[in-house]
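Colleague: Below are the structure tokens for one structure; questions will follow.
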């Protein structure tokens, strides 16, 4: 099966600082990537996605960077807020195939 | 409101007693799927459906069945639940099987004793 992993299982940041969550993937044929946020007791929520023909995409306070050379994905959250505390998952997908999810990184924002 | 609805949210059952977890979406999505989430293992796909009457196995299909008789519904059936199926289950839907985001339900926490 596919292997999608995260470099750090937990991350603590001060409120107002920027957060960076990393993800490694192994399938070079994957062409679509998503970051999800999961708060306690809830289902995963879409944050941002990126296709393999791009290396950067920005949303509101979030940026996803894709480095296909080293098969690495990162999520940057600007001015992290307490409401950003959650588990973050990356997911990869090859066209016509299923999603594969990483095991998640737990982000804790310290007020 | 666009959503994926799962029922029940919580369920405790005994080994061997058949159960069904329902999933319904109101977004006219073609693609639906079921995942289980276990500590340290992330989300693993059980079954998925590209459209009505089309279902395929995911990574961990053993012990589960699904059906897709209507576009909006995708029930997960455990014919004879076992304790190793104790988990948190999520249903998700996407516009199509192509590269689009998946919308998740709130989850069903199942305990099999």
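Protein chains in written order, with the numbering used here: chain A, 1 to 111; chain B, 1001 to 1113.
Positions of the beta carbon are idealized from the N, C-alpha and C atoms, including for glycine.
1. Using a Cβ-Cβ cut-off of less than 7 Å, list which residues of the segment 67-97 of chain A approach chain B; keep chain order.
2. Enumerate in chain order the residues of its own chain whose CB-to-CB distance from residue 53 of chain A is below 7 Å, with the five nearest sequence positions on each side excluded.
3. Counting beta carbon pairs with one atom in the segment 1006-1024 of chain B and one in the segment 1048-1064 of chain B, are three or more of them shorter than 8 Å?
4. Beta-carbon of residue 34 of chain A versus every beta-carbon of chain B: anything under 8 Å?
5. Please identify the residue among B/1101, B/1013, B/1035, B/1095 whose C-alpha is closest to the C-alpha of residue 1059 of chain B.
6. List, in order along the chain, the chain B residues whose C-beta lies closer than 7 Å to that of residue 10 of chain A?
7. Taking Cβ positions only, does residue 49 of chain A come closer than 8 Å to chain B?
8. Anything in the segment 1040-1066 of chain B with a Cβ closer than 7 Å to a Cβ of chain A? List those residues in chain order, please.
9. Do the segment 1001-1010 of chain B and the segment 1040-1050 of chain B meet, that is, are 3 or more Cβ pairs less than 8 Å apart?
10. What residue ranges within the segment 17-72 of chain A form continuous alpha helix (DSSP H) runs of no fewer than 4 residues, ordered along the chain?
11. Ordered along the chain, which non-local residues of its own chain (more than five positions away) have a Cβ less than 7 Å from that of residue 39 of chain A?
12. Strictly by DSSP, which residues pair up with residue 1006 of chain B?
13. In whole angstroms, give me the CA-to-CA distance for residue 1085 of chain B and residue 1047 of chain B.
14. Would you list the residues sitting across from residue 1051 of chain B in a DSSP beta bridge?
15. Do three or more CB pairs link the segment 1089-1101 of chain B to the segment 1026-1033 of chain B at distances below 8 Å?
16. Residues of chain A with CB under 9 Å from residue 1102 of chain B, in chain order?
17. Could you tell me which chain B residues have their CB closer than 8 Å to the CB of residue 102 of chain A, listed as they occur along the chain?
18. Is residue 1025 of chain B close to chain A? Criterion is C-beta to C-beta, closer than 8 Å.
19. Rounded to the nearest angstrom, what separates residue 94 of chain A and residue 1019 of chain B at their Cα positions?
20. For residue 110 of chain A and residue 51 of chain A, I'd like the C-alpha separation in whole angstroms.
Modeller: So, from the listed chains and residues:
1. 89, 93, 95, 96
2. none
3. no
4. yes
5. B/1035
6. Here the premise fails: no neighbours, minimum Cβ distance about 13 Å.
7. yes
8. 1040, 1041, 1042, 1043, 1045, 1048, 1058, 1059
9. no
10. none
11. 86
12. B/1023
13. 14 Å
14. B/1054
15. yes
16. 34, 36, 44, 46, 91, 99
17. 1042
18. no
19. 33 Å
20. 32 Å
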